[in-house]
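Chemist:
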Amino acid sequence: PVPEDIPSPTFTLVQTYDTADFEIWHCDLYRLSTPYEVQELGIEDAFQDAVCLIEWPDRLGDLTPQYALTITLSLTDTPEERLAVLTATDPKWFPLLESLDA
4 PVPEDIPSPT FTLVQTYDTA DFEIWHCDLY RLSTPYEVQE LGIEDAFQDA
54 VCLIEWPDRL GDLTPQYALT ITLSLTDTPE ERLAVLTATD PKWFPLLESL
104 DA
């Protein structure tokens, strides 16, 4: 695969990408204020069939999947570096998280 920049879909709200094995939904929910607006995007269906990358996931409210893997990115002292913290409550993610912690 050829690396490419993936811009935030701030104005389109959702950008989709096809891979050989699955679809990726990249969603920026910043401009939405209610879970109803999120439902209108069809994200609930995407949760079943696609990998969903959600910016501003707090806008999902009760629509947040129980099996979600949360990735929180934060700045570091190095300008080009980010700290990623992965958290999950669904046990299916635990082996992955443990392997990354090793």
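Residues are numbered in the working numbering as their position in the sequence shown, beginning at 1, plus a constant of 3. Positions of the beta carbon are idealized from the N, C-alpha and C atoms, including for glycine. Just so we're clear, the structure is a prediction, and the values are computed from it rather than from any experiment.
1) Can you tell me whether residue 59 is buried or exposed? The criterion is at least 16 other CB atoms within 10 Å of its CB, across all chains shown.
2) Report the partner residues of residue 58 according to the DSSP bridge assignment.
3) Under 8 Å between the Cβ atoms of residue 16 and residue 44?
4) Report back the beta-carbon spacing between residue 76 and residue 91 to the nearest angstrom; my notes put them in contact at under 8 Å.
5) Starting from residue 104, follow the alpha helix (DSSP H) in both directions and report where the run begins and ends.
6) Could you check where the alpha helix (DSSP H) with residue 52 kicks off and where it finishes?
7) DSSP three-state call for residue 26: helix, strand or coil?
8) Please state whether the Cβ-Cβ distance between residue 22 and residue 28 is less than 8 Å.
9) Within the continuous beta strand (DSSP E) that includes residue 18, where are the two ends?
Modeler: Quick look at the numbers:
1) exposed
2) 31
3) yes
4) That pair is no contact at about 16 Å.
5) 97-104
6) 46-52
7) strand
8) no
9) 17-21
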